[in-house]
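The numbers in the sequence shown follow the numbering used here, run straight up by one, and end at 154. Structure first, then comments.
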Amino acid sequence: MTSEPPVLVLSDALMRDLLDAARAAGPREICGFIVHDDKAVQCLPVSNIATRSHDRFIMDPAEQIAVFRQIREQGQTLGAIYHSHPRGEARPSRHDIDGHGYPRIPALIIAPAARHGAVMQAWMMHTQPPQPLPITTTARFL
Ligand SMILES: [Zn+2]
Numbered sequence: 013m014t015s016e017p018p019v020l021v022l023s024d025a026l027m028r029d030l031l032d033a034a035r036a037a038g039p040r041e042i043c044g045f046i047v048h049d050d051k052a053v054q055c056l057p058v059s060n061i062a063t064r065s066h067d068r069f070i071m072d073p074a075e076q077i078a079v080f081r082q083i084r085e086q087g088q089t090l091g092a093i094y095h096s097h098p099r100g101e102a103r104p105s106r107h108d109i110d111g112h113g114y115p116r117i118p119a120l121i122i123a124p125a126a127r128h129g130a131v132m133q134a135w136m137m138h139t140q141p142p143q144p145l146p147i148t149t150t151a152r153f154l
């Protein structure tokens, strides 16, 4: 058993960067990984190669392998898999649920144009339905 609190730890700067990147991509979904070590949390963007990139994401396989190599070589921990919903809400789609390949890793969804304003929400995807996972920011990652 782990004593880790069931939260996703980000930083304010990282949340701003993710929102900026999601907005800058226009109608295309962005995707990538959130990784951290004891000192810092960072996002590692991966190209979305989906043809239907307005409502799907498929990570570029070579870039994905490079990310996992970095995680291993630098002793980092995979915190979340992120993607955006350019026009939708920050809730997982059926496609997101079916396609989530890492059951213990939360999905972070960034919704820059959600109905009630820009928002992001993390989800544990191994439960049915997915359960929201609180996001916290911590001073050690500022
Ligand atoms: Zn999605």
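Note that beta-carbon positions come from the ideal geometry of N, C-alpha and C, so glycine has one too.
Open item on the list: Measuring only the C-alpha atoms, how far is ALA130 from ILE77?
Closed with: 30 Å
Q. Relative to the C-alpha of ILE61, which residue among ASP67, ALA52, ARG116, MET71 is closest?
A. Answer by Cα proximity: MET71.
* What is the residue span of the alpha helix (DSSP H) that ALA5 lies within? -> Here the chain comprises residues numbered 13 to 154, so residue 5 is not present and cannot be evaluated.
Beta-carbon contacts of ARG28 that lie in its chain and below 7 Å, excluding the five residues immediately before and after: Taken in chain order, the list of residues that qualify is empty.
**Prompt:** Taking the C-alpha atoms as reference points, what is the distance between GLN143 and PRO18?
**Reply:** Taking the straight line joining both Cα atoms gives about 11 Å.
How is LEU30 classed by DSSP in three states: helix, strand or coil?
helix
By a C-beta neighbour count over all protein chains shown, 10 Å radius and 16 as the cutoff for buried, is GLN86 buried or exposed? exposed
Residues that PRO57 bridges to, as DSSP identifies them: GLY44
Quiz prompt | Cutoff 7 Å; reference ALA126; Cβ partners in own chain excluding five residues on either side | solution = GLU101, ALA102
- Are the beta-carbon atoms belonging to ALA34 and ILE46 less than 8 Å from one another? no
Next on the checklist: At a cut-off of 7 Å, would you count SER105 as near ligand 1, judging by its Cβ distance to the nearest heavy atom?
Outcome noted: yes
Rounding to the nearest angstrom, what Cα-Cα distance links GLN133 and ILE147 in this structure? 7 Å
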